[in-house]
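Working notes, beginning with the structure itself.
So this is what it looks like as structure tokens:
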């Protein structure tokens, strides 16, 4: 699981 | 980054700045729900903790810092600098009815059961309903200043544009975040009634006032 990949939006 | 995402972010930024300028120029926060603004400050704080753990882009970092900074500046203006003009009697929405269920839901339904991820989920769920104290306040007083309606329109437009962004990303990048999408749909739907009033009244030069 890579939160950076998921949460690149504001 | 696509056009919907960029215009969505800019619309969000415009909303935040319109509100700050409205309060600053008029030296008054009359008609503005301090509770909604505290909720938005809480939304940005819990969502952007990843500023400390990961770097996505300069754009991303700058926008996060601006959003957080403006959110706290707005709360400061309402509760400290222009506190005398704050209409607390009409800002009577019970925020615990939002924060407690949203907190519970973010623990139950998330992408990953880790502190940062649960806080991110909490911020997404909370943002979708954070405007309710403001809409409640308008329904209670039956009217809103025109500049306040411009703020609300930009804020609603931002999430609506994000919906198009997610459709775009699904087709062209295979990107799909169910939590953000469902919360984003809920958030946008909450603005629909307001959008209707904005188009039928404010854009025709009339003040937004609700029938008694």
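Protein chains in written order, with this note's numbering: chain A, 7 to 16; chain B, 2 to 213. We treat Cβ as the ideally placed atom computed from N, Cα and C, and that holds for glycine. Predicted model, so just to flag it, every value in this text is computed and none were measured.
Residue contact with chain A for residue 64 of chain B: present (Cβ-Cβ distance below 8 Å to some residue of chain A). For the pair of segments examined, the stretch 151-169 of chain B was found to touch the stretch 9-16 of chain B: the number of CB pairs separated by less than 8 Å reaches three. Not a single unbroken stretch of the beta strand (DSSP E) spanning 3 or more residues falls wholly within the stretch 133-207 of chain B. Less than 8 Å divides the Cβ of residue 210 of chain B from the Cβ of residue 143 of chain B. For residue 64 of chain B, the uninterrupted alpha helix (DSSP H) run begins and ends at 59-77, by DSSP. The C-alpha of residue 16 of chain A is placed about 17 Å away from the C-alpha of residue 187 of chain B. Rounded to whole angstroms, the gap between the alpha carbons of residue 78 of chain B and residue 141 of chain B is 23 Å.
Residues of the same chain with a CB within less than 8 Å of the CB of residue 104 of chain B, apart from the 5 flanking positions on each side, are 123 in chain order. Here residue 134 of chain B is buried. Its C-beta has 16 or more other C-beta atoms within 10 Å.
Contacts with chain A at 8 Å (Cβ-Cβ) do not include residue 91 of chain B. Between residue 164 of chain B and residue 185 of chain B the beta-carbon gap is near 6 Å, inside 8 Å, which marks them as a contact. In this chain, the alpha helix (DSSP H) harbouring residue 35 of chain B covers 35-48. Legend: CB atoms of the stretch 10-40 of chain B lying less than 9 Å from CB atoms of chain A belong to residues 10, 13. CA-to-CA, the gap between residue 62 of chain B and residue 179 of chain B works out to about 24 Å. In terms of Cβ geometry, residue 130 of chain B and residue 99 of chain B form a close pair [threshold 8 Å]. Chain A places no beta carbon closer than 8 Å to that of residue 119 of chain B, leaving this residue out of the contacts. Annotation: Cβ neighbours of residue 61 of chain B in chain A (cutoff 8 Å, chain order): 14, 16. Listed along chain A, the residues sitting closer than 9 Å to residue 68 of chain B by beta-carbon distance are 16.
The beta carbon of residue 111 of chain B sits closer than 6 Å to the beta carbons of 118, 119, 122 from its chain, once the five residues preceding and following it are set aside; these are given in chain order.
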